[in-house]
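Going by the numbering used here, 117 is the number at position 117 of the sequence shown; the sequence numbering is gapless.
In this text, a Cβ means the ideal position worked out from N, Cα and C, and glycines have one as well.
As the structure is a prediction and not an experimental result, all values here were calculated from the model.
Take a look at the structure set out below.
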Amino acid sequence: MKILIADDEALSRRLLEKTLDRAGYEVIAVEDGKHALEQLCKPNGPRLALLDWIMPELDGPGVCRAVRTRSEQPYVYMVLLTSKGSKEETVLGLESGADDYLTKPFNAEELRARLRVGERILLLEDRLVEARENMRFRATHDQLTSLLNRGAVMDLLVRELHRSHREQKSTAILLGDVDHFKRVNDTLGHVVGDEVLVEIAGRLVKAVRSYDFVGRYGGEEFLVVLSTCNPAYAPGRAEEIRKSVSNRPIQTAKGPLTLTMSFGVLLSSEWGRRPVEELLHEVDVALYEAKAAGRDCLRMAQAAAKLEMSPALLPEAVRRRH
Numbered sequence: 001m002k003i004l005i006a007d008d009e010a011l012s013r014r015l016l017e018k019t020l021d022r023a024g025y026e027v028i029a030v031e032d033g034k035h036a037l038e039q040l041c042k043p044n045g046p047r048l049a050l051l052d053w054i055m056p057e058l059d060g061p062g063v064c065r066a067v068r069t070r071s072e073q074p075y076v077y078m079v080l081l082t083s084k085g086s087k088e089e090t091v092l093g094l095e096s097g098a099d100d101y102l103t104k105p106f107n108a109e110e111l112r113a114r115l116r117v118g119e120r121i122l123l124l125e126d127r128l129v130e131a132r133e134n135m136r137f138r139a140t141h142d143q144l145t146s147l148l149n150r151g152a153v154m155d156l157l158v159r160e161l162h163r164s165h166r167e168q169k170s171t172a173i174l175l176g177d178v179d180h181f182k183r184v185n186d187t188l189g190h191v192v193g194d195e196v197l198v199e200i201a202g203r204l205v206k207a208v209r210s211y212d213f214v215g216r217y218g219g220e221e222f223l224v225v226l227s228t229c230n231p232a233y234a235p236g237r238a239e240e241i242r243k244s245v246s247n248r249p250i251q252t253a254k255g256p257l258t259l260t261m262s263f264g265v266l267l268s269s270e271w272g273r274r275p276v277e278e279l280l281h282e283v284d285v286a287l288y289e290a291k292a293a294g295r296d297c298l299r300m301a302q303a304a305a306k307l308e309m310s311p312a313l314l315p316e317a318v319r320r321r322h
């Protein structure tokens, strides 16, 4: 593990470095608080630090206070080294953000024992961060495919639509549905159906750019959002995404399957500022048209030529597309 030593006394710094090197640490030694802060704030900087109280440029408590203001970085366990022994000064050091302190001259075994305490605390902190990130991932991602779940992809879509409207750009919304997916589940079982969904999810992600996003909208439906998409290229991009599913068989436990998808596509620049629910309704209608046209194709949602369809008939029509 990396450890930082900050001490302006060369002899003290070398003795500490030698002691910690023998203990198996990767030692970084500096002679003042300014360079200590620079090292501790690096992306892969040390997580353990021994800081002399009195140093040029910036003293030990000052380094502690500066590090604690950077909440975005991993936790750093900092020990102040001091010849000061009063209770008031000890409290002052700990309130600056230090985790522990040692009074000079100190015992090498005591130093190693206190650092081991620091390592245990850092390990616990890392586990808590990992648990928090796992919980956040489960809250925003689909358990089967690891794609964004419906709620998360809807939130991102709303933000993307606001951004594209503000910057006068266009966002392409693709709603895709796996053709005849019910037949897969009915004839080959849900385990194979899950294999199919996982593979299709992976192909969709690979078919888009790193700043686009893909979500599982529900069942065998997927929502693809292409950020800053030139309207002239959108149909071609949508075709490439559609073909990424059908261009080669999907390997399953019951053998290879050749499956296709149908897509509805909508360009936000053609619809102005509309509620996201209305845009999703329109792209869903376009998807229904692709299904009605024989599947394995895409249809564009045309703002100038909206389908005059009775709302009472739409749910049944949408159900029939599967």
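Met78 has Ala49 as its beta-bridge partners, per DSSP. For Leu50 against Leu81, the beta-carbon gap comes to about 6 Å, under 8 Å, which counts as contact. Under the three-state reduction of DSSP output, Glu26 falls in the strand class. Here the alpha carbon of Val76 sits roughly 16 Å from the alpha carbon of His35.
Residue nearest to Ala23 within the set Lys2, Glu31, Arg237 and Arg68 is Lys2 (criterion: CA-CA distance). If you look at Thr103, you'll find it in the beta strand (DSSP E) that goes Asp100 to Thr103.
The way I'd put it, the segment 128-145 doesn't touch the segment 94-102; fewer than three beta-carbon pairs between them come closer than 8 Å. Note on geometry: alpha-carbon atoms of Met300 and Met78 lie some 59 Å from one another. Of the residues assessed, Thr171 falls on the buried side of the cut-off, its CB having 16 or more other CB atoms within 10 angstroms.
Here the alpha carbons of Asp32 and Asp126 stand approximately 28 Å from one another. Asp179 is positioned such that its CB atom lies closer than 7 Å to that of Ser262. The alpha-carbon separation between Gly236 and Asn44 amounts to approximately 42 Å.
In this structure, the CA atom of Asp7 is about 11 Å from the CA atom of Leu58. As computed with DSSP, Gly176 is found in a beta bridge with Phe222 and Phe263.
Secondary structure note for Gln143: it is in no alpha helix (DSSP H), with a DSSP letter that is neither H nor E. Ser244 is a Cβ neighbour of Ala207, given a cutoff of 7 Å.
Shown here for Val198: same chain residues with a beta carbon closer than 6 Å to its own, the five before and five after excluded, namely Thr145 in chain order.
For Pro256, the three-state secondary structure derived from DSSP is strand.
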